[in-house]
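Novice: Submitted below is the structure of interest, expressed as C-alpha cells.
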Amino acid sequence: QPVLGELTASQVTPESVQLEWSVPEGTFDSFTLQYRDAQGQPQVVPVDGDARTVTVPGLSPLRRYKFNLYGLWGGKHLGPISTDAITGEGFVDVSVSPVDEEEHPSQPHLGELTASNVTPESVQLEWSVPEGTFDSFTLQYRDAQGQPQVVPVDGDARTVTVPGLSPSRRYNFYLYGILGQKRLGPISLDTITGDNSDVHALHCMLSIAAPAPPKEQPPLQPHLGDLTAPHITPESVQLEWSVPEGTFDSFTLQYKDAQGQPQVVPVDGDARTVTVP
Numbered sequence: 001q002p003v004l005g006e007l008t009a010s011q012v013t014p015e016s017v018q019l020e021w022s023v024p025e026g027t028f029d030s031f032t033l034q035y036r037d038a039q040g041q042p043q044v045v046p047v048d049g050d051a052r053t054v055t056v057p058g059l060s061p062l063r064r065y066k067f068n069l070y071g072l073w074g075g076k077h078l079g080p081i082s083t084d085a086i087t088g089e090g091f092v093d094v095s096v097s098p099v100d101e102e103e104h105p106s107q108p109h110l111g112e113l114t115a116s117n118v119t120p121e122s123v124q125l126e127w128s129v130p131e132g133t134f135d136s137f138t139l140q141y142r143d144a145q146g147q148p149q150v151v152p153v154d155g156d157a158r159t160v161t162v163p164g165l166s167p168s169r170r171y172n173f174y175l176y177g178i179l180g181q182k183r184l185g186p187i188s189l190d191t192i193t194g195d196n197s198d199v200h201a202l203h204c205m206l207s208i209a210a211p212a213p214p215k216e217q218p219p220l221q222p223h224l225g226d227l228t229a230p231h232i233t234p235e236s237v238q239l240e241w242s243v244p245e246g247t248f249d250s251f252t253l254q255y256k257d258a259q260g261q262p263q264v265v266p267v268d269g270d271a272r273t274v275t276v277p
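Under UniProt numbering, the first residue of the sequence shown carries the number 1, and numbering increases by one thereafter.
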C-alpha cells in the first residue's frame with residue numbers, strides 16, 4: 001500500500017500556489033487536490049499518479065488557503081496530507097521592478113496568440129515566444145455564463161485546446177506568461193465558435209465528395225477497435241482506442257454533459273487517446 005509523504009508550497013504568487021509532495025513508498029493511480037476558493041466554494045483538482053507537483057491558479061491575493069491532497073489507489077482514497085499557504089500582495093509591474101538579470105538573463109517576450117482550430121464547442125489556441133522562456137502560462141476567459149475561467153499551461157507548451165464552449169458565441173482569451181513571481185502580458189484574441197450545423201454539413205460534404213475508388217484496386221477500409229477508459233478521475237476521463245486496420249482522417253467524440261447537453265470533441269486522425277475534462 002502506497003504512503004503519502006509531506007505536502008509543501010514551493011512557490012507562492014499573488015494568484016497561484018505551486019504545491020509539491022512526496023510518495024516515500026509505493027505508487028498511486030492518481031491524486032485529488034481539494035481546497036476552497038475565495039468565495040468559500042469547494043474546488044477539486046485531479047492530478048496524474050506520476051506527478052509530484054501541481055500549480056493552482058486563479059487565487060486571490062493576501063488570502064490564506066488550506067490544501068488537502070488525497071492519493072487514489074485501487075478505488076480507495078488515502079490521506080489527506082495538508083498544508084496552508086498565504087498568497088502575496090499582487091504582481092509587481094515589470095517596468096518598475098525588472099526581473100533579476102542573474103536569475104533570468106534574457107527576459108522572455110510573448111508573441112502572437114492565434115486560433116488554429118475552431119469548432120462549435122472548442123478552440124485550439126497557439127502562441128509564440130520569440131525570446132527567452134517562461135516558467136508557465138495562464139489562459140483566462142469567461143464562459144457562456146460569464147464566469148471567469150483560468151487554465152494553467154506548462155512553460156514549454158505553445159498550444160492549448162479549450163473545451164466545453166458554447167456554439168456561435170464570442171470569446172475573449174487572454175494569455176499571460178509567468179516568470180518567477182511576475183506575470184507578463186497579456187496577449188489576447190477574440191474568436192467566435194462555430195455553429196453545430198457546420199459539423200453536420202462537414203459530414204455530408206465528406207460523404208458526397210468522396211470519389212468512387214477504382215474497382216480493380218479497392219482501398220483498405222479502416223476499422224475501429226475497442227474503446228476503453230484507462231484513467232478516470234472525479235472530473236475527467238481518459239479514453240483510448242485502437243484502429244486494427246487502415247487509417248482515419250479524423251475522429252469525433254460525442255457525449256452528453258451533466259446538464260444533458262450534447263458535446264462534440266474533434267480528434268486528430270493519428271491520435272489514439274483523448275482526455276475529456
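Glycine included, each C-beta is placed from N, C-alpha and C at the ideal position. Owing to the predicted nature of the structure, the values given are computational and were not obtained by experimental measurement.
Within 10 angstroms of the Cβ of S16, are there 16 or more other Cβ atoms? Answer buried if so, exposed if not.
Specialist: One-based indexing of the sequence shown puts residue 16 at position 16. It is buried - the Cβ of S16 has at least 16 other Cβ atoms within 10 Å.
Novice: May I ask you to list the residues that DSSP assigns as paired with G71?
Specialist: Indexing the sequence shown from 1 puts residue 71 at position 71. G71 is bridged to F31, L78.
Novice: For T27, count neighbouring C-beta atoms within 10 Å of its own C-beta (all shown protein chains included) and say buried if the count is 16 or more, exposed if not.
Specialist: As a working mapping, residue 27 is identified with position 27 in the sequence shown. T27 comes out exposed.
Novice: Find out if the Cβ-Cβ distance for the pair T193, S166 is shorter than 8 Å.
Specialist: The residue given as residue 193 occupies position 193 in the sequence shown. The residue given as residue 166 occupies position 166 in the sequence shown. Yes; because the gap between Cβ atoms is below 8 Å, this pair is in contact.
Novice: Can you tell which of P163, A157, S122 has the C-alpha that lies nearest to the C-alpha of P277?
Specialist: As a position in the sequence shown, residue 277 is number 277, starting the count at 1. P277 has its Cα closest to that of P163, out of P163, A157, S122.
Novice: Are the stretch 24-43 and the stretch 59-67 touching by the rule of at least three beta carbon pairs closer than 8 Å?
Specialist: Because the criterion of three Cβ pairs below 8 Å is met, the stretch 24-43 and the stretch 59-67 touch.
Novice: Considering just the uninterrupted stretch of the beta strand (DSSP E) at Q263, what are its terminal residues?
Specialist: Mapped onto the sequence shown, residue 263 falls at position 263. Its beta strand (DSSP E) spans residues 262-268.
Novice: Considering only their Cβ atoms, is the gap separating T87 from T138 smaller than 8 Å?
Specialist: If you number the sequence shown from 1, residue 138 lands on position 138. If you number the sequence shown from 1, residue 87 lands on position 87. No; because the gap between Cβ atoms is not below 8 Å, this pair is not in contact.
Novice: Nearest to E126 by alpha carbon, out of Q107, T191, R142?
Specialist: Reading the sequence shown from its first residue, position 126 is the one you call residue 126. Here the closest residue by C-alpha is T191.
Novice: Can we count V44 as close to the ligand MG, meaning its CB is less than 7 Å from some heavy atom?
Specialist: Summarising the ligand content, the structure contains no ligands, and the ligand MG is consequently not present.
Novice: Is the CB-CB distance between E20 and R52 below 8 Å?
Specialist: Residue 20 sits at position 20 when you count from the first residue of the sequence shown. Residue 52 sits at position 52 when you count from the first residue of the sequence shown. In this structure, R52 lies closer than 8 Å to E20 by Cβ.
Novice: For the stretch 266-273 against the stretch 245-253, are there 3 or more C-beta pairs whose distance is under 8 Å?
Specialist: Contact between the stretch 266-273 and the stretch 245-253 is present, because at least three Cβ pairs lie under 8 Å.
Novice: In whole angstroms, what is the alpha-carbon distance linking S10 and Q181?
Specialist: Within the sequence shown, residue 10 is the residue found at index 10, counting from 1. Within the sequence shown, residue 181 is the residue found at index 181, counting from 1. Using only the alpha carbons, I get a separation of about 12 Å.
Novice: For a quick check, are the C-beta atoms of P108 and G132 less than 8 Å apart?
Specialist: Within the sequence shown, the letter at position 108 stands for residue 108. Within the sequence shown, the letter at position 132 stands for residue 132. Yes, the pair counts as a contact, with Cβ atoms nearer than the cut-off.
Novice: Going by the CB atoms, is the gap between V264 and P120 shorter than 8 Å?
Specialist: Taking the first residue of the sequence shown as position 1, residue 120 is located at position 120. Taking the first residue of the sequence shown as position 1, residue 264 is located at position 264. A contact, by the Cβ cut-off of 8 Å.
Novice: Using CA atoms only, rank isn't needed, just tell me which of L72, A85, V47, S122 is closest to S60.
Specialist: In the sequence shown, counting from the first residue as 1, residue 60 sits at position 60. Nearest C-alpha to S60: A85.
Novice: Between the beta-carbon of L78 and the beta-carbon of L4, is there less than 8 Å?
Specialist: Along the sequence shown, one-based indexing puts residue 78 at 78. Along the sequence shown, one-based indexing puts residue 4 at 4. In this structure, L4 lies closer than 8 Å to L78 by Cβ.
Novice: Between the Cα of P80 and those of S122, Q39, P2, spot the shortest distance and give me the residue it belongs to.
Specialist: Residue mapping note: residue 80 aligns to position 80 of the sequence shown, counting from 1. Cα-wise, what sits closest to P80 is P2.
Novice: Using the three-state DSSP reduction, which class does G185 fall into: helix, strand or coil?
Specialist: The residue given as residue 185 occupies position 185 in the sequence shown. Looking at G185 - three-state DSSP - the assignment turns out to be strand.
Novice: Measure the C-alpha to C-alpha separation of R158 and P244 and round it to an integer number of angstroms.
Specialist: The sequence position of residue 158 within the sequence shown is 158, counting from 1. The sequence position of residue 244 within the sequence shown is 244, counting from 1. Going from the Cα of R158 to the Cα of P244 covers about 32 Å.
Novice: Beta-carbon separation of V56 and V47 under 8 Å?
Specialist: As a working mapping, residue 56 is identified with position 56 in the sequence shown. As a working mapping, residue 47 is identified with position 47 in the sequence shown. Not closer than 8 Å, so no.
Novice: Which residue comes first and which comes last in the beta strand (DSSP E) that contains V3?
Specialist: For the purposes of this step, residue 3 is identified with residue 3 of the sequence shown, where counting begins at 1. That residue, V3, is in no beta strand (DSSP E); it is neither H nor E in DSSP.
Novice: When burial is assigned at 16 or more other CB atoms within 10 Å of the CB, is R142 buried or exposed?
Specialist: Along the sequence shown, one-based indexing puts residue 142 at 142. Burial call: exposed.
Novice: Kindly give me the distance between the Cβ atoms of I187 and E240, rounded to whole angstroms, as I take these residues to be in contact under 8 Å.
Specialist: Taking the sequence shown and counting its residues from 1, one reaches residue 187 at position 187. Taking the sequence shown and counting its residues from 1, one reaches residue 240 at position 240. Not confirmed; about 34 Å, so no contact.
Novice: When the Cα atoms are used, what is the spatial distance from T228 to V150?
Specialist: Numbered from its first residue, the sequence shown carries residue 228 at position 228. Numbered from its first residue, the sequence shown carries residue 150 at position 150. The alpha-carbon atoms of T228 and V150 are separated by roughly 29 Å.
Novice: What do you reckon, are the CB atoms on D29 and G49 nearer than 8 Å?
Specialist: Position 29 of the sequence shown, counting from 1, holds the residue named residue 29. Position 49 of the sequence shown, counting from 1, holds the residue named residue 49. The answer is yes: Cβ separation under 8 Å.
Novice: According to DSSP, is A38 helix, strand or coil?
Specialist: Looking up residue 38 in the sequence shown gives position 38. Here A38 sits in coil by DSSP.
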